[in-house]
Amino acid sequence: MSHQRLTPDKLVDALTPPGVDPAGHRRNHAKGICFTGVFEANGAGSVLSHAQVFTRGQYPVLGRFNVATPDPNAADPTVRVRGLGLRTSTPDGQEWRTAMIDPPVIPASTPQAFYDLLLASASKDPDAMKTYAGAHPEIAAFGAWAHDAPWTGSYAEERFNSLNSFIFVDNSGAERAVRWSLLPAAQPVAVPPEELAKRGPDFLEQEITERVRGGPQHWTVVVTVANPGDPTADPSKPWPEDRRTVDVGTLTVQQIEAEPDGPCRDINFDPTVLPTGIRTSDDPFPAARSSAYAKSYDRRTAEAQSYPRTTTGAKP
Amino acid sequence: MNGDSRRFTVPQRVLHWLMAVCILAMLFIGVAMVSTVMPKYLTLVSIHKPLGIAILMLALLRLVVRLRSGAPPLPVDLPEPMRLAARLSHYTFYILMIAMPLIGWGMLSAAAYPVALFGGLHLPAILPQSDSLHALLWDAHFYLAFAFFALILLHVAAALFHALVRRDGVFETMIPVSTHDGGAAAQ
């Protein structure tokens, strides 16, 4: 569709549909709420990566629950994809940042295809999506998830996936391609979307605030190791179910804070901010995400006056 | 050779040409970096940061060397406006060589990005996290980069003017080898 060179400006521009004013906000995953907590590593990840974050211990985290929409005022029940941004800091001064979502795959194979998908979904041509899907059959896996996967009533019941593959480097220098996921401790309860629609536009933020006030919420951090030949460069393709997994620890969310004056507001959950012991793989998405997230960050920090830091009343 | 007061000293010439290469590379890397979403984006960023810090250290070293060694006198017949331009452009070069890396470092600090160099080596933040500082420094880094490039073009134009039009020896003060004893140098 677009054969000109894809720039971060074009990619970020394409995220915002007509009629949406994103000023001051992230250009995608624009609506969210901050959390703080701890990642408790059990030490098992050390066999895969020499990053300090996998040695047994507790490391502070800062994160953000979000809904995958470019509209900061979107109603929670209208958004299919939910996300989680996470920054884990270790005493050696390094950071592991990741931005994850709840579907098992990305709808597109490459950043260019993702851009074409954005253009197709914003197109006035009624056949644009059909044409796109014809040229990009890999969208079917995401489509099946969007259609069939149950909706839940809480961020705490979501499984979040890195989707992109990264390389873990162990103490001996051996490298393995991995993806990671957060598996919720809370039992997911399927709620029909019609039911969620009755819960109000901010029900996810209100629910997680209440829930964490009642007690910390947990996720198991699981690393999945690719076999040779697995599609590490294509996040639209899941890996077979039988791949080796390693539980590396537990994420605990201890406190929720509103975003306007919260600690996650001005953090860019750039998935290429990695400690030594983790690096990017042949997956082309993290580089594109890094470039586009930086552009989004540059824009929104320059527009900060459009997003006041003081919350007025309706704070969840 | 060190006694030749008509030329910059050897350390000054080495620093000049080394930094010329670094700074030109830096400007092109910067422009390429902010206009791509390809995997080379990460490669370019991973060069841009440590190279910027290297330029900062070289610039500070060069400032010390310049203060100690001085500069060869300009030709006595050089018109005053050109003298002034030479002096101002040199001040501006030093300011930019030192300020640009600091602005970049400060910009990353204000955005709470880790300032990673290589192999796990990282620098401390030099500014508190601040969206307004980030926005200000981002603009400064962007526009000063183009000003820097413009200054380099002026500098090259002036050097060629000295070399080809005035032929007053100013160009020879910074070239890597001497042309006064040209035969020996060429062999």
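First to last, the sequence lines map onto chains B and V. Be aware that the first sequence starts at 1169, since it is given in this note's numbering, and climbs by one per residue. Be aware that the second sequence starts at 188, since it is given in this note's numbering, and climbs by one per residue. Here a beta-carbon is modelled for each residue, glycine too, at the ideal position from N, C-alpha and C. Nothing here was measured: the structure is a model prediction, and the numbers come from that model.
Could you tell me the alpha carbon to alpha carbon distance between residue i and residue j, rounded to whole angstroms?
i                 : j                 : result
LEU324 (chain V)  : ALA1317 (chain B) : 45 Å
ARG249 (chain V)  : ARG200 (chain V)  : 10 Å
HIS203 (chain V)  : LEU254 (chain V)  : 15 Å
PHE1207 (chain B) : ALA1290 (chain B) : 39 Å
VAL1180 (chain B) : GLY1417 (chain B) : 34 Å
GLN1385 (chain B) : LEU1351 (chain B) : 11 Å
THR1377 (chain B) : PRO1396 (chain B) : 42 Å
ASN189 (chain V)  : PHE195 (chain V)  : The predicted model places ASN189 (chain V) with a pLDDT of 46, which falls under 50 and marks its position as unreliable; any figure quoted below should be read in that light. Cα-Cα distance, rounded: 9 Å.
ALA337 (chain V)  : ALA1182 (chain B) : 33 Å
GLN1422 (chain B) : LEU304 (chain V)  : 33 Å
TRP1387 (chain B) : PRO1245 (chain B) : 23 Å
TYR1323 (chain B) : LEU1372 (chain B) : 7 Å
SER296 (chain V)  : THR1204 (chain B) : 21 Å
ASP1260 (chain B) : GLU267 (chain V)  : 56 Å
PRO1369 (chain B) : GLU1375 (chain B) : 12 Å
VAL252 (chain V)  : MET206 (chain V)  : 14 Å
ALA1462 (chain B) : ILE1307 (chain B) : 26 Å
SER1330 (chain B) : PRO1454 (chain B) : 10 Å
SER1170 (chain B) : ILE362 (chain V)  : Residue placement at SER1170 (chain B) cannot be trusted, given a pLDDT of 47 that sits under 50; what the coordinates show is reported in the next sentence. Answer to the nearest angstrom: the Cα atoms are 48 Å apart.
GLN1226 (chain B) : LEU331 (chain V)  : 43 Å
ARG270 (chain V)  : ALA1198 (chain B) : 55 Å
GLY1192 (chain B) : ALA299 (chain V)  : 17 Å
SER192 (chain V)  : TYR281 (chain V)  : 22 Å
ALA1276 (chain B) : ALA1236 (chain B) : 15 Å
Are there 16 or more other CB atoms within 10 angstroms of the CB of residue i, so buried, or fewer, so exposed?
i                 : result
ILE290 (chain V)  : buried
THR1440 (chain B) : buried
MET244 (chain V)  : exposed
ASN1436 (chain B) : buried
PRO1408 (chain B) : exposed
TYR228 (chain V)  : buried
GLU1325 (chain B) : buried
ASN1234 (chain B) : buried
ASP1270 (chain B) : buried
LEU1252 (chain B) : buried
THR230 (chain V)  : exposed
PRO1361 (chain B) : exposed
GLU1363 (chain B) : exposed
Since residue i is in the alpha helix (DSSP H), which residue starts that stretch and which ends it?
i                 : result
LYS1489 (chain B) : Residue 1489 (chain B) falls outside the range modelled here, since chain B spans only 1169 to 1484, and no answer is possible.
SER276 (chain V)  : 267-297
TYR1300 (chain B) : 1296-1303
ALA219 (chain V)  : 197-220
VAL1380 (chain B) : 1371-1382
PRO1279 (chain B) : 1279-1290
SER319 (chain V)  : 318-347
In this structure, what does DSSP give as the bridge partners for residue i?
i                 : result
ALA1426 (chain B) : In DSSP, ALA1426 (chain B) forms no bridge with anything.
VAL1390 (chain B) : B:SER1349, B:ASP1415
PRO1228 (chain B) : B:VAL1206
LYS1199 (chain B) : B:VAL1235
VAL1337 (chain B) : B:GLU1343
ALA303 (chain V)  : V:HIS309
ASN1329 (chain B) : B:ILE1269, B:SER1349
GLN1385 (chain B) : B:VAL1421
Report the three-state DSSP secondary structure of residue i (helix, strand or coil).
i                 : result
ALA1267 (chain B) : strand
HIS1121 (chain B) : Only positions 1169 to 1484 of chain B appear in the structure, and residue 1121 (chain B) is not among them; the question remains open.
ARG1344 (chain B) : strand
LEU1174 (chain B) : coil
ALA1358 (chain B) : strand
THR1320 (chain B) : strand
THR1420 (chain B) : strand
ILE240 (chain V)  : helix
TRP1530 (chain B) : The structure shown has nothing for residue 1530 (chain B), since chain B only spans 1169 to 1484.
ASP1123 (chain B) : In the structure as shown, chain B starts at 1169 and stops at 1484, and residue 1123 (chain B) therefore has no counterpart that could be examined.
GLY1311 (chain B) : helix
ASP1363 (chain B) : The question names Asp, but residue 1363 (chain B) in the sequence shown is Glu. Helix.
GLY1368 (chain B) : coil
What span of residues does the beta strand (DSSP E) with residue i cover, start to end?
i                 : result
THR1256 (chain B) : 1250-1257
THR1448 (chain B) : 1446-1448
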